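First up is the structure itself, then whatever we jot down about it.
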Amino acid sequence: MVLEMYRTNGVEYISFATCNVSFKDLLDPSLTNDSNCLKYYNDLISTTDNITIIGNIEYTIRAMIPMNQAIKAYKDRSLALNLLSNTTTSSIEPPISANTRQQYNELTIEIIECQNIKSKDNEKYKNPFVAYKFYIYDEVITDTIWGNLSPKFNNVNKIMLSMSPSLDRYLRTSSLSIAVFNDDKTEENYIFGVANIPLSELANNNSIHGLFDINDDDQNKVGQILVNIEWDKDYSVEPIPLISKYDEYIAKNENSQKNKKHIKEKERYLIIKVIY
């Protein structure tokens, strides 16, 4: 980074000196432990010839936490959120046919609150936030509620969905996995647990509302989460045809072969008739 020095000239500002500022020492944990300030002295170089030293500058740089810990915490959080996407299918929504182009419905997913979250250390892990991934859409991450193990999120996410057979299949066979994490800027994010909410009720034109258990890796209950999931209007999907596209192709191909055979027989009959 280049630090520039200016002086005023009436209503204008004129640059008269510069110096280079390096941040590479922030990556050295031995220099940034305990929020130590890094002190530097540097020469101010004249902008007239970029050679002459016209003074010196003293400055300090301080990192709130060691940079390597900050980078690790960021990577850990990203990895934890990516686990959600690995638990769901990554199929791509097929093209919307002319018959279903106008069939859309809005789904509202509301994360209301968590109740009585437990952890292995309630004094250390007490800053919960929630993350989940629905269908083919990106992860949703709530705000962090600091110092409260019964946090109220009131997070509302509205999704406009095409009423397609693939969506219907997803709703009938999948669950919404909602992970509850602890937000910690100094170390790996601790995960309290995951709540799995079956979505089949949505495929039956019903809403989902209530408390669901949050379970840890050992399937022990560590709290509950209150959610509300509902459609804006009645849910309906056109039934999947019993005859597949492949079957249609085979049927058309057989009809085509029959027509060709009929034409050949007719031509053969005409040839025989002409000969005789």
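Residue numbers (UniProt numbering): 1 to 276.
The C-beta atom is built at its ideal place from N, Cα and C for all residues, glycine as well.
Being a predicted model, the structure only gives us computed values, none of them experimental.
At which residue ranges does the UniProt domain "C2" (88-212) contain complete alpha helix (DSSP H) runs of 4 or more residues, listed in the order of the chain? 165-173, 200-203
Counted within 10 angstroms of its Cβ, other Cβ atoms place residue 129 as buried (16 or more) or exposed: buried
Beta-carbon gap between residue 195 and residue 213 smaller than 8 Å: The answer is yes: Cβ separation under 8 Å.
Would you mind sorting residue 8 into buried or exposed? The rule is 16 or more other CB atoms within 10 Å of its CB. exposed
Does DSSP put residue 43 in a helix, in a strand, or in coil? strand
For residue 6, the residue or residues it bridges with in DSSP: 15
Can you tell me whether residue 127 is buried or exposed? The criterion is at least 16 other CB atoms within 10 Å of its CB, across all chains shown. Residue burial is scored here from C-beta neighbours: residue 127 has at least 16 other C-beta atoms within 10 angstroms and is therefore classed as buried.
Thinking C-alpha only, which one of 136, 47, 200 is nearest residue 235? 200
8 Å Cβ cutoff met for residue 125 and residue 182: yes
Looking at the secondary structure, which residues open and close the beta strand (DSSP E) in which residue 60 lies? 53-62
Looking at residue 113 and residue 152, is the spacing between their C-beta atoms short of 8 Å? Closer than 8 Å, so yes.
Spatial neighbours of residue 160 within its chain, please: C-beta separation below 7 Å, excluding the five flanking residues on both sides. Apart from the 5 residues on each side of it in sequence, residue 160 sits with its Cβ closer than 7 Å to the Cβ of 104, 106 in its chain, given in chain order.
What does DSSP give as the partner residue(s) for residue 230 in the beta ladder? 108
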